[in-house]
Amino acid sequence: MLMIFKVYDINVSADDLEQLGTKEKFWFFTASDKSQKWLFKYSRLNTGEHWSEKIAEQLCEELMIPHVRY
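Under the UniProt record's numbering, the first residue of the sequence shown is numbered 1, with each subsequent residue one higher.
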């Protein structure tokens with residue numbers, strides 16, 4: 001089953017750099033909703049980090065386990 005996920009364009013200027021962890025990341029607000037803060041994480045090549053985090057999120061959603069939303 002093919003699932004389509006929404007992709008957002010974001011402003012590349014960082015609102016708030018996140019220092020924890022090894023990946024480069026920053027917090028930002030979308031243009032349409034200034035009340036919800038989102039965390040952007042850059043992908044590293046050949047690691048599978050981007051799709052494995054999305055799969056984990058979808059599994060937690062199906063199992064009704066609290067999780068971060070992507």
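Each residue gets a CB set at the ideal place from its N, CA and C atoms; glycine is no exception.
Do you know how far the Cα of K6 is from the Cα of L63? Taking the sequence shown and counting its residues from 1, the one referred to as residue 63 is at position 63. Taking the sequence shown and counting its residues from 1, the one referred to as residue 6 is at position 6. Each residue's Cα considered, the two are about 21 Å apart.
Just reading off the alpha helix (DSSP H) that K54 is part of, what are its end residues? Counted from its first residue, the sequence shown places residue 54 at position 54. Segment E49 to L63, the alpha helix (DSSP H) holding K54.
Report the three-state DSSP secondary structure of F5 (helix, strand or coil). Reading the sequence shown from its first residue, position 5 is the one you call residue 5. F5 falls in the coil class under three-state DSSP.
With DSSP run on the structure shown, which of helix, strand or coil describes L20? Within the sequence shown, residue 20 is the residue found at index 20, counting from 1. Residue state, collapsed to three classes: coil.
Mapping DSSP to helix, strand and coil, what is K41? For the purposes of this step, residue 41 is identified with residue 41 of the sequence shown, where counting begins at 1. Three-state DSSP puts K41 in a strand.
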